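Asks: By the count of the UniProt record's numbering, the sequence shown reaches residue 264 at its end, each step adding exactly one.
The C-beta atom is built at its ideal place from N, Cα and C for all residues, glycine as well.
These numbers were taken from a predicted model, which means no experiment stands behind them.
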Amino acid sequence: MTILDKIVARKREEILENKAKTPIELLEKSEFFDRECYSFKEALTNTEKIGLIAEFKRKSPSKGILNADADVAETTKGYVDAGASVLSILTDVDFFNGSNENLIKARRVNEVPILRKDFIIDEYQILEAKSIGADVILLISACLSPEELKSLGAFAQSLGMSVLLEVHDKQELLCSISPYIDAIGVNNRNLATFNVDIQTSFDLADLIPDEFVKVSESALSNPQTIIDLKNVGYRGFLIGETFMKTVNPAETCKGFIESVKSLS
Ligand SMILES: O=C(O)c1ccccc1NCC(=O)[C@H](O)[C@H](O)COP(=O)(O)O
1 MTILDKIVAR KREEILENKA KTPIELLEKS EFFDRECYSF KEALTNTEKI
51 GLIAEFKRKS PSKGILNADA DVAETTKGYV DAGASVLSIL TDVDFFNGSN
101 ENLIKARRVN EVPILRKDFI IDEYQILEAK SIGADVILLI SACLSPEELK
151 SLGAFAQSLG MSVLLEVHDK QELLCSISPY IDAIGVNNRN LATFNVDIQT
201 SFDLADLIPD EFVKVSESAL SNPQTIIDLK NVGYRGFLIG ETFMKTVNPA
251 ETCKGFIESV KSLS
């Protein structure tokens, strides 16, 4: 059983628990449910910014605890003040020490798109994402069939949300493309083995149709890599660990953005 299998198995239990605790009617009454979502595509194609998706991630299955202390509101506001285009908030509790509350706290103090970073396998989680103030959901090709990807993507778009499809090889990419996604993220981390290889993003760049915003995800720590990825068409860069493993993630993010700008 891979870590992804374990996460998805736990997710199925968690969804049943959450449906019993908070039925859909209650999600729909949330203060955030009817708000208009910020556009993911617009945020990432704004040429005044570098296209950073800055992640709030306390812990990961591959690295353990990254940052137990950072304050979510302060850190995410710091990311945005530093020039991040989008925020990514881990909401998975068991494997990443994330929470829906963290996303709500980030929503209250920021006016940029927020990605609910979780393992979405059920429409209920998309309604939950909308109810906590997220604008974007992630659909991971490795845990969904092509039919599930289409129906979940269409459901999210029907709520006005954006969809980021995540792939990590050519086969996943080719069988997952549909009109129900807005952006395609290439994950440089193999979720089964934890191996990271930035070459994955370079290898898949030309295979991603131009109508989708290209996003490179994971293991990004060198400002020059962002420039190199921009040169092959990437417009979004998802970074968590590089910032969160430091004492002041927002300050590290600021320095990173300045370095990328100085190379541009
Ligand atoms: O980060 C992990 O160890 C991990 C393990 C299993 C499934 C997903 C995992 N991470 C989720 C992500 O995709 C990353 O949080 C995101 O791309 C940022 O990556 P990084 O900059 O390397 O923290």
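(1) Can you name, in chain order, every residue of its own chain whose Cβ lies under 6 Å from the Cβ of Lys-254, other than the five neighbours on each side?
(2) Any idea what DSSP makes of Lys-63, helix, strand or coil?
(3) Helix, strand or coil, according to DSSP, for Glu-13 in the structure here?
(4) Is the distance from the Cβ of Val-163 to the Cβ of Ile-137 below 8 Å?
(5) Any heavy atom of ligand 1 closer than 7 Å to the CB of Pro-61?
(6) Taking 7 Å as the line, does the beta carbon of residue 266 fall inside it for any heavy atom of ligand 1?
(7) How about Ser-218 and Glu-172: are their beta carbons less than 8 Å apart?
(8) Please look up how many angstroms separate the CB atoms of Leu-87 and Phe-56, rounded, as I've assumed it's under 8 Å.
(9) Does DSSP put Glu-217 in a helix, in a strand, or in coil?
(10) Hey, quick one: how far does the alpha helix (DSSP H) through Ala-54 stretch, first residue to last?
(11) Flag Gly-240 as yes when its Cβ comes closer than 7 Å to any non-hydrogen atom of ligand 1, and as no otherwise.
(12) Please say whether Asp-118 and Thr-91 have beta carbons closer to each other than 8 Å?
(13) Kindly give me the distance between the Cβ atoms of Arg-189 and Leu-44, rounded to whole angstroms, as I take these residues to be in contact under 8 Å.
(14) Figure out for me which residue from Leu-165, Thr-2 and Ala-73 has the closest Cα to the Cα of Ala-106.
(15) Mind checking whether the beta-carbon of Ile-3 lies closer than 7 Å to any heavy atom of ligand 1?
(16) Specify the secondary structure class of Glu-166 as computed by DSSP and reduced to three states.
(17) Roughly how many angstroms lie between the CA atoms of Thr-193 and Asn-187, to the nearest whole one?
(18) Leaving aside the five residues before and after Val-93 along the sequence, list all residues of the same chain whose C-beta is less than 8 Å from its C-beta, in chain order.
(19) With H, G and I counted as helix, E and B as strand and the rest as coil, what does DSSP make of Ala-183?
(20) Could you say which of Asp-34, Gly-160, Phe-202 and Asp-228 lies nearest to Asp-182 if we only look at CA atoms?
(21) Write down every uninterrupted run of the beta strand (DSSP E) in the segment 87-130 whose length is 3 residues or greater and which is fully enclosed by it, in chain order.
(22) Could you check whether the Cβ of Ala-84 sits closer than 7 Å to any heavy atom belonging to ligand 1?
(23) Report yes if the C-beta distance between Ile-184 and Phe-212 is below 8 Å; otherwise report no.
(24) What residue from Lys-261, Asn-231, Ile-65 and Leu-191 has the CA that sits closest to Lys-6's CA?
(25) Could you tell me how far apart the beta carbons of Leu-52 and Ile-239 are, in whole angstroms, since I believe they sit closer than 8 Å?
(26) Pop quiz: Ile-226 and Leu-220 are said to be a contact at Cβ under 8 Å. What is the actual Cβ separation, rounded to whole angstroms?
Replies: Reading it off the structure:
(1) Stepping through the sequence shown from its first residue, residue 254 is reached at position 254. So the qualifying residues of the chain are Ala-82.
(2) Position 63 of the sequence shown holds residue 63. Three-state DSSP puts Lys-63 in coil, outside helix and strand.
(3) The residue labelled residue 13 in the question sits at position 13 within the sequence shown. Looking at Glu-13 - three-state DSSP - the assignment turns out to be helix.
(4) The residue given as residue 163 occupies position 163 in the sequence shown. The residue given as residue 137 occupies position 137 in the sequence shown. Going by C-beta atoms, Val-163 is nearer than 8 Å to Ile-137.
(5) Against the sequence shown, residue 61 aligns to sequence position 61. Inclusion of Pro-61 in the 7 Å shell around ligand 1 follows from its C-beta lying nearer than that to a non-hydrogen atom of the ligand.
(6) Residue coverage of the chain in this structure runs from 1 to 264, which leaves residue 266 outside it and unanswerable.
(7) What you label residue 218 is simply residue 218 of the sequence shown in a count that begins at 1. What you label residue 172 is simply residue 172 of the sequence shown in a count that begins at 1. Taking 8 Å as the cut-off, the Cβ atoms of Ser-218 and Glu-172 do not count as close.
(8) Your numbering for residue 87 matches position 87 in the sequence shown. Your numbering for residue 56 matches position 56 in the sequence shown. Leu-87 to Phe-56, Cβ: 7 Å. Contact.
(9) Counting from one through the sequence shown, the residue named residue 217 turns up at place 217. Of the three classes helix, strand and coil, the one that applies to Glu-217 here is strand, per DSSP.
(10) Stepping through the sequence shown from its first residue, residue 54 is reached at position 54. Unbroken run through Ala-54 is the beta strand (DSSP E), 52-56; no alpha helix (DSSP H).
(11) Counted from its first residue, the sequence shown places residue 240 at position 240. Checking every heavy atom of ligand 1 against the Cβ of Gly-240, one is found closer than 7 Å.
(12) Sequence index remark: in the sequence shown, residue 91 carries index 91 (1-based). Sequence index remark: in the sequence shown, residue 118 carries index 118 (1-based). Yes.
(13) Numbered from 1 along the sequence shown, position 189 holds the residue referred to as residue 189. Numbered from 1 along the sequence shown, position 44 holds the residue referred to as residue 44. The Cβ separation is near 20 Å, so there is no contact.
(14) In the sequence shown, counting from the first residue as 1, residue 106 sits at position 106. Comparing Cα positions, the closest option is Ala-73.
(15) Start at 1 with the first residue of the sequence shown, and residue 3 comes out as number 3. Ile-3: yes, Cβ under 7 Å from ligand 1.
(16) The residue given as residue 166 occupies position 166 in the sequence shown. If DSSP states are grouped into helix, strand and coil, Glu-166 belongs with the strands.
(17) By 1-based counting over the sequence shown, the position of residue 193 is 193. By 1-based counting over the sequence shown, the position of residue 187 is 187. When rounded, the separation of the alpha-carbon atoms in Thr-193 and Asn-187 is 13 Å.
(18) The count along the sequence shown starts at 1 and reaches residue 93 at position 93. Within the same chain, Val-93 has close Cβ partners Glu-14 and Ser-99.
(19) For this step, residue 183 is matched to residue 183 along the sequence shown. Shown here, Ala-183 sits in a strand according to DSSP, grouped into three states.
(20) Along the sequence shown, read from residue 1 onward, the residue named residue 182 stands at position 182. Out of Asp-34, Gly-160, Phe-202 and Asp-228, Gly-160 has the C-alpha closest to the C-alpha of Asp-182.
(21) Listed in chain order, the complete beta strand (DSSP E) runs (minimum 3 residues) inside the segment 87-130 are 114-117.
(22) Numbered from 1 along the sequence shown, position 84 holds the residue referred to as residue 84. No.
(23) Translated into positions along the sequence shown, residue 184 becomes position 184. Translated into positions along the sequence shown, residue 212 becomes position 212. Less than 8 Å divides the Cβ of Ile-184 from the Cβ of Phe-212.
(24) Counted from its first residue, the sequence shown places residue 6 at position 6. Residue Leu-191 is the option with its Cα nearest to Lys-6.
(25) The count along the sequence shown starts at 1 and reaches residue 52 at position 52. The count along the sequence shown starts at 1 and reaches residue 239 at position 239. The Cβ separation is near 7 Å, so the contact holds.
(26) Counting from 1 along the sequence shown, the entry for residue 226 is found at position 226. Counting from 1 along the sequence shown, the entry for residue 220 is found at position 220. Between Leu-220 and Ile-226 the Cβ distance is about 7 Å, and since that is below 8 Å, they are a contact.
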